[in-house]
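Student: Using our numbering, you'd call the opening residue of the sequence shown number 121 and step up by one each time.
For each residue, glycine too, the CB sits at the ideal point set by N, CA and C.
Note that this is a predicted model, so its numbers are computed, not measured.
Before we start, here is the structure in question, set down as structure tokens.
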Amino acid sequence: MTRLPRLMTSALITTSLTAGLVAFPHLALATAEDGAPAGLPVETAEPNAPSQEPAFIGQTRAPQPGEMPGVVQEVVAEGLPQLWALEFLPDGRMLVTAKEGALHIVSAEGEAGPAIEGVPGVVSSGQGGLLDVALAPDFEQSSRIYFSYAEPREGGNGTSVAAATLVPDEAGGGTLEDVQVIFQQQPTYDNTKHFGSRLVFSPEGDLYVTVGERSDAEPRAQAQELASGLGKIFRITPEGEAVEGNPFIGTEGALPEIWSLGHRNLQSAALDGEGRLWTVEHGPRGGDELNMPEAGLNYGWPEVTYGVEYSGKVVGDGVTAMEGTQQPVYYWDPVIAPSGMAYYEGEEFPEWQGAFLIGGLVSQGVVVAHLDGDRVSYEERVPLNARVRDVKVAPDGAVYAVTEDRQSGSSQIIRLTRED
Ligand SMILES: [Ca+2]
């Protein structure tokens, strides 16, 4: 690369530092409540929708914290198949899903066992694959696991959730027994886009299932329809039934499993310290959003959104707010392309207590969203120079990031600890 003259370099840096403010000149620089000066927003690129304005201060481009920990990266495992999700087992090993349709146990030292037998067939092309995995709340007694996947079906495919008993063997592999498909997102549709998904057990033992709206114009509109399972969050029992008290149980024609509607493609979900569900969904270009989805509420897609179509055109009427729809807690323009997320309560990073750690595929790192009440106070980023597919907190408080390299079809697991 040609070296720029000194004067020009400095001008470029000044421009990039202030770009976040240039985008929203009416937003003043925030200051931490404890008096420590906050930094400039980490995002300095031009927004894709420069004419859109946030609904409230701090809804996008929050400042960086005044103090950020140094982060040490250590590759725990490499040469793994392209992974989608990671869960820690009670014995300290890791259970990982591979997009191609395989499930592996990875030792704490990073050695992957052979593929576990009994995994149902999946659609692994496009955005399909074996997707999220969650342990049953009583896993230590039951050995039951739950996983979501792009299920091949008559006439197309769709996101489904299955439960199974994990029976490990001495070779580091094992078998799934008593596999039961407990939930199928409907309708079936024939493409390979926007399957979601994440699985999160509530404190009461119910299962939140997040999905996508299958992307194309016709199914996309169904995100607003209560008779369709596209673009929704569901709350089901471990047997796959609607949970008593779900918001649309009494609504004629509505799917009783629906928890919330108006979502695009939800690949990120976690509970906060109070047991409330938070999600990050892939928006259109410039419209990724963090929400705390509540029962029966409408999160807007595709009627209301930040950002623009991939083509650059406005989405629908280009509306960013509408009565009867919820504003995101926070949004990103340009996008981070969210993957997995975790709520941080570990001891390794005192600075991250009570923050969400969100994997970024496009932002190629971990986004740390610090909260003040139910709003984002600061946004910090840990660059990993790789697409991050999942983020989990280990029992010792270290952060584990799953990366993916689509060209080689492989993944690494990276352990993040605090620099002394
Ligand atoms: Ca929304």
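Helix or strand or just coil, what does DSSP make of Ala-218?
Tutor: In the sequence shown, counting from the first residue as 1, residue 218 sits at position 98. DSSP places Ala-218 in strand when its eight states are reduced to three.
Student: Please confirm whether any heavy atom of ligand 1 lies closer than 8 Å to the CB of Val-419.
Tutor: The sequence position of residue 419 within the sequence shown is 299, counting from 1. Reading off the sequence shown, one finds Tyr at residue 419, where the question assumed Val. Within the cutoff, so yes.
Student: Report the three-state DSSP secondary structure of Phe-144 (helix, strand or coil).
Tutor: Along the sequence shown, one-based indexing puts residue 144 at 24. Bear in mind that a pLDDT of 46 at Phe-144, under 50, signals an unreliable position, so the model cannot answer this.
Student: What residue from Arg-318, Gly-382, Glu-372 and Tyr-520 has the CA that sits closest to Glu-468's CA?
Tutor: For this step, residue 468 is matched to residue 348 along the sequence shown. That would be Tyr-520, whose Cα lies nearest to the Cα of Glu-468.
Student: Check whether the Cβ of Gly-382 sits closer than 8 Å to any heavy atom of ligand 1, and report yes or no.
Tutor: Looking up residue 382 in the sequence shown gives position 262. Checking every heavy atom of ligand 1 against the Cβ of Gly-382, one is found closer than 8 Å.
Student: Please classify Asp-510 as buried or exposed, where buried requires at least 16 other C-beta atoms within 10 Å of its C-beta.
Tutor: Reading the sequence shown from its first residue, position 390 is the one you call residue 510. The residue in question, Asp-510, is buried, as its Cβ has 16 or more Cβ neighbours within 10 Å.
Student: Per the DSSP calculation, Val-402 is bridged to which residue(s)?
Tutor: By 1-based counting over the sequence shown, the position of residue 402 is 282. Contrary to the premise, residue 402 reads as His rather than Val in this sequence. Answer is Asn-385, bridged to His-402.
Student: Does the count of Cβ pairs from the region 478 to 495 and the region 193 to 207 closer than 8 Å reach three?
Tutor: no
Student: State the beta-bridge partners of Tyr-520 as determined by DSSP.
Tutor: Residue 520 sits at position 400 when you count from the first residue of the sequence shown. Beta-bridge pairing links Tyr-520 to Lys-512 and Arg-535.
Student: Can you tell me whether Glu-414 sits near ligand 1, meaning its C-beta is under 8 Å from at least one heavy atom of the ligand?
Tutor: Locating residue 414 in the sequence shown gives position 294, counting from the first residue. Every heavy atom of ligand 1 is 8 Å or more from the Cβ of Glu-414, so no.
Student: Let me confirm a value: Gln-447 is counted as buried when at least 16 other C-beta atoms fall within 10 Å, else exposed. Which label applies?
Tutor: Within the sequence shown, residue 447 is the residue found at index 327, counting from 1. By the 10 Å Cβ count, Gln-447 comes out buried.
Student: What residue ranges within the region 245 to 276 form continuous alpha helix (DSSP H) runs of no fewer than 4 residues, ordered along the chain?
Tutor: 259 to 262
Student: Look at the alpha carbon of Glu-322 and the alpha carbon of Asp-525, and state the distance between them as a whole number of angstroms.
Tutor: Residue mapping note: residue 322 aligns to position 202 of the sequence shown, counting from 1. Residue mapping note: residue 525 aligns to position 405 of the sequence shown, counting from 1. The sequence shown places Ser at residue 322, rather than the Glu named in the question. Taking the straight line from one Cα to the other gives about 32 Å.
Student: Indicate the three-state DSSP secondary structure (helix, strand or coil) for Glu-471 in the structure shown.
Tutor: For this step, residue 471 is matched to residue 351 along the sequence shown. Correct three-state label for Glu-471: helix.
Student: Note down, in chain order, each residue of its chain lying with its Cβ closer than 7 Å to the Cβ of Gly-233, except the 5 sequence neighbours on either side.
Tutor: As a first step, residue 233 must be located in the sequence shown, where it is residue number 113. If we look at Gly-233 and ignore the five residues flanking it on each side, its Cβ neighbours are His-224, Ile-225, Ala-291, Gly-292 and Gly-293.
Student: Taking C-alpha atoms, which residue in Thr-330, Ala-343 and Pro-272 lies nearest to Ile-356?
Tutor: Here the question's residue 356 lines up with position 236 in the sequence shown. Of Thr-330, Ala-343 and Pro-272, the residue nearest in Cα terms is Thr-330.
Student: Decide if Lys-433 is buried, meaning its Cβ has at least 16 other Cβ atoms within 10 Å, or exposed.
Tutor: Here residue 433 corresponds to residue number 313 of the sequence shown, with the count starting at 1. By the 10 Å Cβ count, Lys-433 comes out exposed.
Student: Can you list, in chain order, the residues of its chain with a C-beta nearer than 7 Å to that of Pro-125? Leave out the 5 residues immediately preceding and following it.
Tutor: Here residue 125 corresponds to residue number 5 of the sequence shown, with the count starting at 1. For Pro-125, the predicted model reports a pLDDT of 33, less than 50, meaning its position is unreliable; a value from the coordinates is still stated below. Closer than 7 Å at Cβ, skipping near neighbours: no residue.
Student: Count the C-beta pairs between the region 413 to 426 and the region 378 to 398 that are closer than 8 Å, then say yes if the count reaches three, no if not.
Tutor: yes
Student: Could you check how far apart the C-beta atoms of Leu-255 and Glu-207 are, in whole angstroms? I think they sit under 8 Å.
Tutor: Within the sequence shown, the letter at position 135 stands for residue 255. Within the sequence shown, the letter at position 87 stands for residue 207. Indeed, because the Cβ distance is near 6 Å, the residues count as touching under 8 Å.
Student: Among Ile-456, Glu-443, Tyr-451 and Asp-492, which one has its Cα closest to the Cα of Tyr-426?
Tutor: Counted from its first residue, the sequence shown places residue 426 at position 306. For Tyr-426, the nearest C-alpha among the options comes from Tyr-451.
Student: In chain order, what residues of the same chain have a beta carbon less than 8 Å from the beta carbon of Ile-133, not counting five sequence neighbours either side?
Tutor: On the sequence shown, position 13 is the one that residue 133 refers to. With a pLDDT of 32 at Ile-133, under the threshold of 50, the modelled position of that residue is not reliable, and no figure is offered here.
Student: Between the alpha carbons of Glu-173 and Ile-533, how many angstroms are there, rounded?
Tutor: Position 53 of the sequence shown, counting from 1, holds the residue named residue 173. Position 413 of the sequence shown, counting from 1, holds the residue named residue 533. Take the alpha-carbon of Glu-173 and the one of Ile-533: they are about 38 Å apart.
Student: Identify, in the order they occur along the chain, each residue of the same chain with its Cβ nearer than 7 Å to the Cβ of Val-195, setting aside the five sequence neighbours on each side.
Tutor: If you number the sequence shown from 1, residue 195 lands on position 75. Closer than 7 Å at Cβ, skipping near neighbours: Gln-532 and Ile-534.
Student: Any C-beta of chain D sitting closer than 9 Å to the C-beta of Ser-322?
Tutor: This model lacks chain D altogether; it includes just one protein chain.
Student: Short check: CB of Pro-458 to CB of Val-400, under 9 Å?
Tutor: Taking the sequence shown and counting its residues from 1, the one referred to as residue 458 is at position 338. Taking the sequence shown and counting its residues from 1, the one referred to as residue 400 is at position 280. Their beta carbons are under 9 Å apart, which means Pro-458 touches Val-400 by this criterion.
Student: Nearest-angstrom Cα distance between Pro-358 and Leu-160?
Tutor: Here residue 358 is taken as the residue at index 238 of the sequence shown, counted from 1. Here residue 160 is taken as the residue at index 40 of the sequence shown, counted from 1. When rounded, the distance between both Cα atoms is 45 Å.
Student: How would you call Asp-336, buried or exposed, if buried means at least 16 neighbouring beta carbons within 10 angstroms?
Tutor: Translated into positions along the sequence shown, residue 336 becomes position 216. Classification for Asp-336: exposed.
Student: Go ahead and pull the three-state DSSP assignment for Pro-174.
Tutor: In the sequence shown, counting from the first residue as 1, residue 174 sits at position 54. Pro-174 sits in coil when the DSSP states are folded into three classes, being neither helix nor strand.
Student: Would you check whether ligand 1 has a heavy atom nearer than 8 Å to the C-beta of Asn-505?
Tutor: If you number the sequence shown from 1, residue 505 lands on position 385. No; taking the cut-off as 8 Å, the Cβ of Asn-505 has no heavy atom of ligand 1 nearer than that.
Student: Among the residues of its own chain, which have a CB less than 7 Å from the CB of Ala-341, if the five just before and after it don't count?
Tutor: In the sequence shown, residue 341 corresponds to position 221, counting from 1. If we look at Ala-341 and ignore the five residues flanking it on each side, its Cβ neighbours are Pro-422.
Student: Check the C-beta distance from Gly-316 over to Asn-277 and give it rounded, since I have them as a contact under 8 Å.
Tutor: In the sequence shown, the residue the question calls residue 316 occupies position 196. In the sequence shown, the residue the question calls residue 277 occupies position 157. With a Cβ gap of about 13 Å, Gly-316 and Asn-277 do not count as contacting.
Student: By the three-class DSSP mapping on this structure, what secondary structure does Glu-338 have?
Tutor: Counting from one through the sequence shown, the residue named residue 338 turns up at place 218. Under the three-state reduction of DSSP, Glu-338 is assigned to helix.
Student: By Cβ distance, which residues of its chain are closer than 7 Å to Asp-298, with the 5 residues on each side in sequence left out?
Tutor: Here residue 298 refers to the residue found at position 178 when the sequence shown is read from its first residue. Ala-284 and Thr-285.
Student: With DSSP run on the structure shown, which of helix, strand or coil describes Gln-179?
Tutor: As a first step, residue 179 must be located in the sequence shown, where it is residue number 59. Here Gln-179 sits in coil by DSSP.
Student: Cβ of Val-455 within 9 Å of Cβ of Gly-407?
Tutor: Counted from its first residue, the sequence shown places residue 455 at position 335. Counted from its first residue, the sequence shown places residue 407 at position 287. Result yes, Cβ atoms of Val-455 and Gly-407 sit closer than 9 Å.
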